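Right, one structure below, let's go through it.
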Amino acid sequence: YTHLRLHIYPDGGVARLKVYGEVFKDWSTVDASETINLAAATNGAKAILCNDMFFSHMDNLLMPGRGINMGDGWETKRNRTPGNKDWVIIRLAHKGVIEKILVDTAYFKGNYPDSCLIEGCNIAYKEESKLDGNTIDPVTTGWTTILPASKLSADHEHLFEDEVMNKKPFTHVRLSIFPDGGVSRLRLWGRIK
805 YTHLRLHIYP
815 DGGVARLKVY
825 GEVFKDWSTV
835 DASETINLAA
845 ATNGAKAILC
855 NDMFFSHMDN
865 LLMPGRGINM
875 GDGWETKRNR
885 TPGNKDWVII
895 RLAHKGVIEK
905 ILVDTAYFKG
915 NYPDSCLIEG
925 CNIAYKEESK
935 LDGNTIDPVT
945 TGWTTILPAS
955 KLSADHEHLF
965 EDEVMNKKPF
975 THVRLSIFPD
985 GGVSRLRLWG
995 RIK
């Protein structure tokens, strides 16, 4: 559906209306040469798993527009374990080739990650239950690097295009941040396959 109509009888008020479901996009209307945000919730992308969302929810990464404050991003708790990384796995809106990446640290000034890494994999929807932060399953080769570890800075939109190193189609991506911190938005522009 594209619209809902709410009737109240005989009169009165409604404070909130929440509608739950999955976003559906008619991909037959999207040309294969068109560049589209494969990580947009409005296109059907979904954050499916992360190791930590102590301060704010992973779903915020995929929302439209820029974040309005630190609570409107994905933020993990501080962890000073040597070599620590926090991660989130995103099901792309459609299988596609990623060509341009934006990692936005809006409002994260003293709590932004030092760096990030983005990897991709190809896995069927029904196999998602096998995903975790380190492996897909013993049969697969694992994650393929799309964006190598790249430095981040405070309250900034980091655009990566030349740095994107793997131009094959993926169904899922894993954003890893080192050692911890907050990211407001993730945009993955590319073409559907």
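To convert, take the position in the sequence shown, counting from 1, and add 804; that gives my numbering. Ideal Cβ placement from N, Cα and C applies to all residues, glycine included. What you are looking at is a predicted structure, and each value in this text was computed from that prediction instead of being measured.
Taking the straight line between their C-alpha atoms, what separation do you get for proline 952 and serine 832? One C-alpha to the other measures close to 33 Å.
Just checking my contact of isoleucine 905 with isoleucine 922 at CB under 8 Å: how many whole Å lie between their CB atoms? Indeed, because the Cβ distance is near 6 Å, the residues count as touching under 8 Å.
Among His861, Pro983 and Lys972, which one has its Cα closest to the Cα of lysine 955? For lysine 955, the closest of His861, Pro983 and Lys972 by C-alpha to C-alpha distance is Pro983.
I'd like the list of long-range same chain contacts for lysine 997, defined as Cβ closer than 7 Å, with 5 residues on each side in sequence excluded. When the five nearest sequence neighbours on each side are left out, the beta carbons in the same chain lying within less than 7 Å of the beta carbon of lysine 997 are those of Lys899, Gly900, Val901 and Pro973, in order along the chain.
Three-state secondary structure (DSSP) at tyrosine 805? Three-state result, tyrosine 805: coil.
Three CB pairs or more closer than 8 Å across the region 880-894 and the region 854-863: Enough Cβ pairs lie closer than 8 Å, so yes.
Supposed close pair threonine 1004, glycine 994 - CB separation, criterion 8 Å: Beyond the ends of the chain as shown, which are 805 and 997, falls residue 1004; an answer cannot be given.
In the DSSP assignment, what residue or residues form a beta bridge with arginine 978? DSSP output for arginine 978 lists Ile893 and Glu923 as bridge partner(s).
If you draw a straight line from the C-alpha of proline 868 to the C-alpha of threonine 846, how long is it? Cα to Cα, the separation comes out at about 7 Å.
Which residues in the same chain have their Cβ closer than 6 Å to the Cβ of aspartate 918, if we skip the five residues on either side of it in sequence? Answer for aspartate 918: Phe982, listed in chain order.
Could you name the residues of the same chain whose beta carbon sits closer than 7 Å to that of glycine 829, not counting the 5 residues immediately before and after it, in chain order? First, the amino acid is wrong: residue 829 is lysine here, not glycine. Asn847, Gly848 and Ala897, listed in sequence order.
Residues bridged to proline 973 (per DSSP): Paired residues: Val901.
Which same chain residues end up closer than 8 Å to glutamate 965 when comparing Cβ atoms and leaving out the 5 residues on each side of it in sequence? The beta carbon of glutamate 965 is closer than 8 Å to those of Glu903, Lys904 and Ile905 in its chain, skipping five residues each way along the sequence.
For aspartate 908, which beta-bridge partners are listed by DSSP? Note: aspartate 908 sits in a beta bridge opposite Glu961 and Arg989.
Tell me the residue span of the beta strand (DSSP E) that contains threonine 949. Threonine 949 -> beta strand (DSSP E) spans 948-955.
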